[in-house]
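Using our numbering, the first residue of the sequence shown is number 1, and each one after it goes up by one.
In this text, a Cβ means the ideal position worked out from N, Cα and C, and glycines have one as well.
Since the model is a prediction, treat every value here as computed from it, not as a measurement.
This report refers to the structure that appears directly beneath it.
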Amino acid sequence: MRDQELVSAIRRLKVETGSLACIGCGHEHNCGVSGCAVMRAAADRIANQNTNIEALQQEIEKLRGQMPRWIPVAERLPSGDNQVLVVVSGKPKENITLAGAVELATLYSDGWCLETWPEWTGADVTHWMPLPEEGGR
Numbered sequence: 001m002r003d004q005e006l007v008s009a010i011r012r013l014k015v016e017t018g019s020l021a022c023i024g025c026g027h028e029h030n031c032g033v034s035g036c037a038v039m040r041a042a043a044d045r046i047a048n049q050n051t052n053i054e055a056l057q058q059e060i061e062k063l064r065g066q067m068p069r070w071i072p073v074a075e076r077l078p079s080g081d082n083q084v085l086v087v088v089s090g091k092p093k094e095n096i097t098l099a100g101a102v103e104l105a106t107l108y109s110d111g112w113c114l115e116t117w118p119e120w121t122g123a124d125v126t127h128w129m130p131l132p133e134e135g136g137r
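In structure tokens, the structure reads:
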């Protein structure tokens, strides 16, 4: 049973006051033409929780949009001479092979310059991400 179906069922049941279950529940003084106080409170709480969950899900999506993400170089390239993080593969040296390594790099007009391997000209950069802003300084 889905939450909305449960809320609807509880709201339908709330009118059945005065049964044996009601005797001594401790909330019978709040019952009346509006129905069972326990059933009303349960339905309201479930309905409110769904509203809160939806608001939290929207906030999560908003925060996800603010998180940096890996940007494929086929989608776009960084602007200016700003240093960024890159995902790179290839052989910067004869005896060294990188496969999906994360490195600091800058894109110049003649290609990528990796901080660790400035002389390497054959770097296969697939993704990049802006560096996070410095915090607390």
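| Asked | Found |
| --- | --- |
| Distance between Ile46 and Met67 (C-alpha atoms, nearest Å) | 32 angstroms |
| Alpha carbon of Glu134 to alpha carbon of Met39, nearest angstrom | 52 angstroms |
| Whole-angstrom C-beta distance between Ala105 and Leu114, which should lie under 8 angstroms | 5 angstroms |
| Gly65 in three-state terms, based on DSSP | helix |
| Val73, DSSP secondary structure in three states | coil |
| Cα-Cα separation, Trp120 to Val84 | 17 angstroms |
| Distance between Arg69 and Gln5 (C-alpha atoms, nearest Å) | Looking at the sequence shown, residue 5 is not Gln but Glu. Computed Cα separation, rounded: 39 angstroms. |
| For Glu54, the three-state DSSP class (helix, strand or coil) | helix |
| Sheet register partners of Lys93 (DSSP bridge) | Ile96 |
| Identity of the residue in Lys91, Gly80 and Ser8 nearest Pro118 by Cα | Lys91 |
| Which residues DSSP lists as bridging Leu114, in chain order | Ala105 |
| Three-state secondary structure (DSSP) of Asp81 | coil |
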